[in-house]
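Peer 1: The structure that follows is given in the form of structure tokens.
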Amino acid sequence: MSTTAIRVNGKATGTVTVTEVQVLPPQHWVDDNPSLRKITDDIAGAMEARPGKGWWICFGIAFAALLNLGGMVTYLFAKGIGVWGLNNSVGWAFDITNFVFWVGIGHAGTLISAILLLFRQQWRTSINRSAEAMTIFAVMCAGMFPAIHMGRPWDAFFIFPYPNHRGPLWVNFRSPLVWDVFAISTYLTISLVFWYLGMIPDLATLRDRTTNKIKKFIYGLLSLGWNGSHRTWTRYEIVSLVLAGLATPLVLSVHSIVSMDFATSLLPGWHTTIFPPYFVAGAIYSGFGMVLMLLIITRYTMNLQRYITMRHLDKMAKVTMLTGMIVSYAYLTEFFAAWYGGNIYEQYHFINRATGPYAWCFYLMVLCNVIAPQMLWLKKARSSIAFLFVFSIMVNIGMWFERFVIIVVSLHRAFLPSGWGMFYPTAIDIGVLVGSFGLFFTCFLLFIRVLPMIAMWEIKGVVGHGAHKMALSSDDEERKVVNA
Amino acid sequence: MPKSFVVATYSDAETLVSAVRAVRQQNFRVYDVYAPYPIHGMDEALGVRRSRLPWVTFVVGLMGLTFALTLQFYTTVLDWPLNVGGKPDNSTLAFLPICFELTVLLSGLATVAALFVRARLFPGKKEQIIAEGITNDTFALVVRQRDSSFDINRVWKILEESGADRVREREAEL
Amino acid sequence: MSHTGESGGVKSSCKGPKEQLVQIGEPAYWKSVDELHNGPRYTGEFPGGLPASSSRTEATRRDFLALMGFSLAAVGLAGCRAPVQNAIPFLVGSDQIIPGVSNWYATTCRGCASSCSLLVKQRDGRPIKIEGNSASAIFGSGTCATGQATVLSLYDDERLRGPLWHGKPAKWEEIDQHVLESLTSALAAKQQVVLLSGTITSPSTKEIIAEWGKRDPNFRHVVYDAVSLSAMRAANAQSFGQAAIPHYSFDKARIIVGLEADFLGTWLSPVEFARQYAANRKPEGTPSLHVQFESGMSVTGSNADVRVPLAPSQLGAVAVALLRRIQRKAGAAVVAGGDDPVDAKKLDAIADELWKHRGESLVVSGSNDVAVQVVVNTLNSTLGNIGKTIDLTHPSLQRSGDDAAMAELVEKLHRGEIHTLVMYGVNPGYDYPDAGRFLEGLDKVALSISFSDRRDETSSHAHAICPDHHFLEAWGDAEPVETNFSLAQPLIAPLFDTRAAQTSLLKWLAHEQPDYYAYLREYWQKNMFPRQKELQSFEPFWERSVQDGVVVLPSTHAAAEPKFHGDWKPAVDKILEDAKNAQASTKDDHYELHVYESVPLRDGRHANNPWLLELPDPVSKVSWGNYAAVAPALAKKLNLSDGDVVRLKTSKGDAELPVFIQPGQGPGTISAALGFGRKQVGRAGQNVGVNAYPLTSMENGSHRYSAMNVQVERTGRSEKIGSTQTHFSMEGRPIVLETTLEELHKGAEAHEEALPTLWAERLHGEHSWGMAIDMNACTGCSACVVACQAENNVPVVGKDQIERTRIMHWIRIDRYYSGPEENPVSVHQPMMCQHCQNAPCETVCPVLATTTSSEGLNQQVYNRCIGTRYCANNCPYKVRRFNWYNYTENPQFDFNMDNPLGRMVLNPDVAVRSRGVMEKCSLCVQRIQLAKDTALQGKRELADGDIQTACQQACPTQAIIFGDLKDPNSRVSQMHRNQRNYQVLEDLGTRPNIGYLKKVRNPLETT
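Set out below in structure tokens:
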């Protein structure tokens, strides 16, 4: 990886110099202005070509991890939750940490495709497709954990409010866990729909390109007989806008609700009002970290440097830095509130967080989420692929540990000192965590092979020619600004 | 029953837009325009009204909200009230998250469904590609020849003048 | 009458269920305890009468299933010689047994020699729960943890199925023949026959032994207690001319001074003493002052008002120092020389108190050193306590071991002077200081017989093992304290081909009445019946005695209060000598050792009882093993940390134990618990912990439980210590609230009004169940923990799970320290589900598996629970227990629920929880339901006290009160109105239904 990174670096600086001359709008989000046909060939071609060695290696590792997950979960179901390191004091640890972690990752996608769409950010066009895919896979991973963390997973369906003969016994709509069920499933569904809707025109393109009968059939089925009629395009864009409008509050709601699992409890360290915004910021931070990582990988494995440019990475880095700083601020606020609030349990918790047996987790989290993003003030850092890649990994580590600290450190020393205990992960704990990454990357690597990982039609719209760009381009406004 | 059309293909959006304007100035109706991406300014050129699909979103959204509220109220207050942590049966505040989620879920799905119905998009539909490369890099302007009074030569002329790469007659089921 | 459980037990072959049931059920006049107190109770087949509620109908269905599941197996087991699995249905019912309805029978505990009177719950032919017999004036309704657990030993899979001859199964007849032959030859050859037994409190058994003595001049009876008070008997012989253990009255004492006597935990008669102790420590009255001098941190010490840690060698010196002061005040001849081993001011203050309360003070010592006991006697008699707090006219018969005789026996064995050795209730192969020497001697006898119920360290070396019944299968009687008798009757026909030891003795004695039951009746007819006047004929007397279980009969001899005529001078000199030598000989890298009886396992006889193995030590909270307790200072000095394994070397032997840092541990002293490290006992107890007996010694005729010049070597190894509580400080949180006596007497501080709540009060049904726990009465003895485990089918999870803090106990006793770690103040707090009215656990459960019942109970619905553990996370009291694995029927964990025999102990009224569900204290909802049904049946209102939770019932000090908070006059309501009442973590607004009464401190002012 590193060697490529260095080679990458050379190229990258090259492109950067290009960006520096292009000061005035219209700013181009695709390098050396390819023709429409070229765009199709580049993007579709990349996925039609036989996969390279790099892809096979990545896929091999990811798939092995996925198999490991299968084994671990089977063992877990056979023996019981006891195979994890949980105990009477610490009832949640890796399981819910992983859940919150993956939900967080799952936020960047819809944020990019929905919120940036509403803000008319053109740079989203190159990355939204893969970001949305990432969202869906991440939410899949997340959804797995509430199911397997149950003592009796075979009764998991109890948490759905379905008419039944148990009295009838419904669910407890006051429980944040039930809110989670609705939030996560809604989020997954809407993201899936949004993702698919966005792909229809490209699927049509593939359908019309391919000569392979089976592919043609499948793409044909999926593209719903799309034929590029403008009357459909208009409706299509309206619906995209509406969905974006719906998805935007949804993104914010999902992690807010997840945070309520903790905020609505009375545990010191959980019972905090700032959790919803704090969690959302964290989610975007980790999500962008993950997107950054994936883009850096894919643009080289699929050589799409023309479409995923340094300027994209630069924008991403800036968003990550901002959200990182919001997160840091939240950390400070927590400590301040604990001190200022004068609640002895709260105070003890935060002293314990910074000095207790799990203090190292806390400091690791501070390093990754507070200190690391500060480097991004430097353009040098933002334009160094190698740094961004390392940084993106740090973001993920940091955010995982943030959740671990919130969950385990709060639980292991709660109100009654007689109930205090320690949590030590078992091999199964770690195996399941690794396995979830396996599931995620397997899905993602398959995705980039069979579906257009960049929205061709949107790129075409952005590249466009002359004045008549895609409806949602914001360049006209920009130009007005410049003329004025 | 297949209808017959005059189809002009273009290689870029600008000429297409001007062509549309030209055709309509001559009081011909442009049947439709086909493009690899939505073209800015084409709506005005074609004079298509803004879609009413958002109303579906709004109405179904309201329905979703009502459904969520009724479901939660019925189950926790009417059907089987239980003393949960000494809280009142009707803990409305605690019901809000689910109200929101259901509203979004149902309205979102409904909107997309409505689009598919309105635009007649469904799996297995045989695509009608009016000209080669529409989904790649070709743009097309289509005028339908309705009856004998339809002056095909004039249209043809207008189109050729509008800078079309190629003009031809075609039968299709659009 | 001729057809008795006993004879039934002897008759072999599998009989029809009816007959078995008749055996279990008869005689016809046995009645239930409620009948004893409240008159007739059960009528008709269904206790609940007409279904009172929908839940009730379900309950009966469940009862029925439970019946199918358990009782059938039970009958099969009861009916046959070995546990057979084929179900034998209740074809013919019995007027004694109504399926699903429990009967209660009075009997006597044999868990230790204290011989507490019991009432045992028998359900569908199986004894499943032990409770104290409130009819007993001595012991009351309470029990100890060990007693509670004895019912499980009945179903111990390791028990022998029948007699063994040279390790092979044999017929009783054969063995009897061999024994008789050997005995006759011994008689002919005038060779010695010895019966080696533990303390026997049964007068009839003593009579049998006496008869044997009469018949054979060469017969000797040696009484050997692993943990003996033989020095005290010797001392009393010197001081009062009476080799007996006095009967103490802690309730009459205004000041109690304990010298290494753990009378609330294990010493002599803990249940009785705990009861007395609590009786006059009620802060509302004038509580007694309790001073404890001890080397280890014992339950008793943890309850003392003043606790002085010291080295065992200084114990005598303390007694002397006190004696000197008292004698000065008495103006008697004064002990000369010797300096105060502890702070003189403290001693002065204590002496003042003692003197102030002459005649109502009490000094007790657990020391097994005659000299110390003599000085203690001197103290007590100088203080005029004899006849007041100390009763020698009706002595306690609960310990009669004679160390000297035992030592002599071992030597005789070695010289091959013993022909036949019969061992009854002893295991010297494990607990004799020099076990090896005893076993060598044992091999030299012509015939050795053991009555042990299993192959253990001793019986496995014996020629014959003639397994005795478990006491729940046996007839018997006991006289724990003179004139106070307690009878024992079988609750189930013998499960295996066992035979009462007494029957064996009678047979070998060639007695004309070889059936012990018949013998017992005759004995009582001859000796006990005449001693009472009210009943003219024996039958009714016997009936009543058996039904009540307790009988008090006038003394046979004139009550002449013995006078102290001993000479204390030599004793004092010896003590001062020893103390001096101790200081001289103790090099600074040598330490003192003190071994003590473990509260759960006692002397080790219960070492295979999973409930007791899992029960944490009341003070250290360590379960599944013993440890070398060292003071924090010493640990720092040797830089030892918890779990470091050290080798303790005494002049006699050595042992490798993990270190446990124990605040309050005597300086320079290391304590280790006895009762662990059994080599041959069974699956559960095998090699749990380390045997500390080899560290003890026999010194001039008495068993020394301490040693000097002990070397401590680290082995470099480290072991995990399974502790159920790892943090001992309250971190200044309002968990256990304390007040002082004068504050209390100043009157109630204005009780601040209840915290505001966001929601309107939710109305309950006709009751609102609540509990009050008096922190002042709780001694931490942990009887409630085992009682709860027995009542609610709480699984045993084993050491590994304990290390992972996954204990399942529904009630735990939190123990917190405050003050300096070299001698902290401790407090015990029973903690179970607080049944909050605004329960945090309920709000977060996604599936409504836990809700508040109409009667204010926080109820857990196992069938609905999916195990998200959210409730446990949100419970501020951490009282919810999760089934991490399938603990039942799983050889990996449980040691009784994993085999069909052990499962017979399960309570059919309580569901056995499956893997993956949450569970917790239900306030014994099944008992509530039963009491309601009974009231309904009797067409009466539910009265306060009808319902006793298992923990409340077991508590010897009445620290727990359960009742209806709706009823303003119920005891629980009154206690909730008590000015001491508070709720744990009140400020969280969870509004628990459990109230705690503040601990009251009564410090001793030292001027």
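Chains as they are written, first to last, in numbering that gives the first Met the number 0: chain A, 0 to 483; chain B, 0 to 173; chain C, 0 to 1006. Glycine included, each C-beta is placed from N, C-alpha and C at the ideal position. All values derive from a computational prediction rather than experimental measurement.
Once the 5 residues before and after C/Leu35 are set aside, which same chain residues still bring their CB inside 6 Å of it?
Peer 2: Unreliable positioning characterises C/Leu35 in this predicted model, as indicated by a pLDDT of 39, which lies under 50. A coordinate reading is not provided.
Peer 1: Here's the rule I'm using: 16 or more other beta-carbon atoms within 10 Å means buried, otherwise exposed. How should A/Pro267 be labelled?
Peer 2: Buried, because 16 or more other Cβ atoms sit within 10 Å of the Cβ of A/Pro267.
Peer 1: By the three-class DSSP mapping on this structure, what secondary structure does C/Gln241 have?
Peer 2: coil
Peer 1: Closest Cβ-Cβ distance between B/Lys2 and chain C: below 8 Å?
Peer 2: no
Peer 1: Once DSSP output is grouped into helix, strand and coil, what is the label at B/Thr74?
Peer 2: helix
Peer 1: Are the CB atoms of C/Asn837 and C/Arg990 within a distance shorter than 8 Å?
Peer 2: yes
Peer 1: Quick check: what's the CA-CA separation for B/Val166 versus A/Phe193?
Peer 2: 37 Å
Peer 1: Look at C/Leu1003 and C/Asp304 and say whether their C-beta atoms are less than 8 Å apart.
Peer 2: yes
Peer 1: For the stretch 330-363 of chain A, which residues have a CB atom closer than 8 Å to at least one CB atom of chain C, in sequence order?
Peer 2: Ile343, Tyr344 and Tyr347
Peer 1: Residues of chain C with CB under 9 Å from A/Arg151, in chain order?
Peer 2: Cys864, Ile865, Gly866, Ser913, Arg914, Gly915 and Val916
Peer 1: For B/Thr91, which residues in chain A fall below 9 Å Cβ to Cβ?
Peer 2: Correct list: empty, because the minimum Cβ distance to chain A is about 10 Å.
Peer 1: Taking the C-alpha atoms as reference points, what is the distance between A/Leu191 and A/Ala454?
Peer 2: 15 Å
Peer 1: What are the boundary residues of the alpha helix (DSSP H) that B/Arg23 is part of?
Peer 2: Ala12 to Gln24
Peer 1: What are the boundary residues of the beta strand (DSSP E) that includes C/Thr714?
Peer 2: Ser705 to Ser717
Peer 1: When the distance is taken between beta carbons, is C/Pro599 closer than 8 Å to C/Thr145?
Peer 2: yes
Peer 1: So, under 8 Å CB-CB, C/Leu552 and C/Thr482 are touching, yes? Tell me the CB distance rounded to an integer number of Å.
Peer 2: 6 Å
Peer 1: Within the same chain, show all residues whose beta-carbon is closer than 7 Å to that of C/Asn889, passing over the 5 residues directly before and after it, in chain order.
Peer 2: Asp897
Peer 1: Among C/Ala776, C/Pro899 and C/Ser921, whose alpha-carbon lies nearest the alpha-carbon of C/Leu263?
Peer 2: C/Ala776
Peer 1: Using the Cα positions of C/Leu118 and A/Ser184, report the straight-line distance between them to the nearest angstrom.
Peer 2: 58 Å
Peer 1: Please state if the CB of A/Gly84 and the CB of A/Asp428 are separated by a distance shorter than 8 Å.
Peer 2: The beta carbons of A/Asp428 and A/Gly84 sit closer together than 8 Å.
Peer 1: Identify every residue that forms a DSSP beta bridge with A/Arg352.
Peer 2: Its beta-bridge partners do not exist; DSSP assigns none.
Peer 1: The alpha helix (DSSP H) with C/Gln936 in it runs from where to where?
Peer 2: Val924 to Gln936
Peer 1: Which residues bound the beta strand (DSSP E) around B/Phe138?
Peer 2: Counting along the chain, the beta strand (DSSP E) containing B/Phe138 begins and ends at Phe138 to Arg143.
Peer 1: Taking Cβ positions only, does C/Glu841 come closer than 8 Å to chain B?
Peer 2: yes
Peer 1: Measuring only between beta-carbons, confirm whether C/Glu542 sits less than 8 Å from chain A.
Peer 2: no
Peer 1: Answer with yes or no whether the minimum CB distance from C/Glu730 to chain A is below 8 Å.
Peer 2: yes
Peer 1: Starting from C/Gln121 and walking both ways along the beta strand (DSSP E), at which residues does that stretch end?
Peer 2: Ser116 to Arg122
Peer 1: Given B/Trp155, which residues of its chain have a CB within under 7 Å of its CB, disregarding the five upstream and five downstream residues?
Peer 2: Val5 and Val166
Peer 1: Based on Cα-Cα distance, which residue from C/His510, C/Phe470 and C/Ser503 lies nearest to C/Pro493?
Peer 2: C/Phe470
Peer 1: Indicate whether at least one CB of chain B lies closer than 8 Å to the CB of C/Arg498.
Peer 2: no
Peer 1: Do you know offhand how far A/Met398's Cα is from A/Ile406's?
Peer 2: 12 Å
Peer 1: With 7 Å as the C-beta to C-beta threshold (strictly closer), list the residues of the stretch 952-963 of chain C near chain A in chain order.
Peer 2: Going along the stretch 952-963 of chain C in chain order, one finds no residue with a Cβ nearer than 7 Å to chain A.
Peer 1: Rounded to the nearest angstrom, what separates C/Asn885 and B/Leu120 at their Cα positions?
Peer 2: 53 Å
Peer 1: Rounded to whole angstroms, what's the CA-CA distance from C/Val644 to A/Leu366? Just pull it up for me.
Peer 2: C/Val644 and A/Leu366 have their C-alpha atoms roughly 39 Å apart.
Peer 1: If you count every other CB in all the chains shown that lies within 10 Å of the CB of C/Arg280, and 16 or more means buried, which is it?
Peer 2: buried
Peer 1: Tell me whether the beta-carbon of C/Leu996 lies closer than 8 Å to the beta-carbon of C/Met974.
Peer 2: yes
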